[in-house]
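Here is the structure we will look at.
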Amino acid sequence: MLKEVLTGVVLIGTGTVTGIFVAVLVSVAPAMSVMNRADYLRAHALLGKGYHPLMPILVNVVTLSGFALGVLADGPGQVLFPAASVLLIGVQAVSHLGNVPINRSLAGLASDGPWQDPRPLWRAWHRLRTALAGLALASVTVAALATP
Numbered sequence: 009m010l011k012e013v014l015t016g017v018v019l020i021g022t023g024t025v026t027g028i029f030v031a032v033l034v035s036v037a038p039a040m041s042v043m044n045r046a047d048y049l050r051a052h053a054l055l056g057k058g059y060h061p062l063m064p065i066l067v068n069v070v071t072l073s074g075f076a077l078g079v080l081a082d083g084p085g086q087v088l089f090p091a092a093s094v095l096l097i098g099v100q101a102v103s104h105l106g107n108v109p110i111n112r113s114l115a116g117l118a119s120d121g122p123w124q125d126p127r128p129l130w131r132a133w134h135r136l137r138t139a140l141a142g143l144a145l146a147s148v149t150v151a152a153l154a155t156p
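Those letters in the sequence shown? Residues 9 to 156, per our numbering, in order.
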């Protein structure tokens, strides 16, 4: 029973993380890329309130569940669930080392004056973590389907 519950947590959680990242990649980030600086800073602050602390908590729960499944699962799940967790650690690393520092740098930024637009670099980091999350989702899907 525990294995089935954790499998559900990992599938739903990884799918949710990946879905949110894809939505930001294909809709939110492009919309924000055409905003003027003041509107971008305001939108960024408002959007950030909704994602924190949900996303780090969700990724951590899914990561730990995937490692637990590596112990509980049989067959390919013994490797694929922990592999997905390693990919999610990569998601966290990219977030904490790439996106979060950029987000923090925007908090005290004025809406006028000189600045180096952070959006291209932020989007590059976001594409990387979206790809890692997508690979994690593929891994847990195969693991769930292939594990007896």
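Built from N, CA and C at the ideal position, the CB exists for glycine as well.
Discussion item. Determine whether the beta carbon atoms of G21 and S73 lie at a separation below 9 Å.
Written reply: yes
Discussion item. Just to confirm, is the Cβ distance from A141 to F29 under 9 Å?
Written reply: Cβ distance < 9 Å, so A141 and F29 count as in contact.
Worksheet item: What did DSSP end up calling Q124 once you bin it into helix, strand or coil?
Response: Of the three classes helix, strand and coil, the one that applies to Q124 here is coil, per DSSP.
Worksheet item: Is DSSP giving G116 helix, strand or coil here?
Response: coil
Discussion item. With a threshold of 6 Å on Cβ separation, who are the neighbours of I110 within its own chain once the five nearest residues in sequence on each side are excluded?
Written reply: So the qualifying residues of the chain are P126, W130.
Practice prompt. State yes or no: is the C-beta of V25 within less than 9 Å of the C-beta of L136?
Written response: Not closer than 9 Å, so no.
Worksheet item: Looking at the unbroken alpha helix (DSSP H) that takes in L95, where does it start and where does it end?
Response: 85–102
Worksheet item: Roughly how many angstroms separate the alpha carbons of S147 and Q100, rounded to a whole number?
Response: Between S147 and Q100, the C-alpha separation is close to 17 Å.
Discussion item. Rounding to the nearest angstrom, what Cα-Cα distance links Y157 and L62 in this structure?
Written reply: With the chain running from 9 to 156 in the structure shown, residue 157 is simply not present.
Worksheet item: Grouping DSSP H, G and I as helix and E and B as strand, with all else coil, what is T155?
Response: coil
Practice prompt. Measure the CB-CB distance between L77 and K11 and report whether it falls below 9 Å.
Written response: yes
Worksheet item: Using the beta-carbon count (16 or more within 10 Å), is H52 buried or exposed?
Response: buried
Worksheet item: Short check: CB of T164 to CB of L55, under 9 Å?
Response: What is shown of the chain runs 9 to 156, which leaves residue 164 out entirely.
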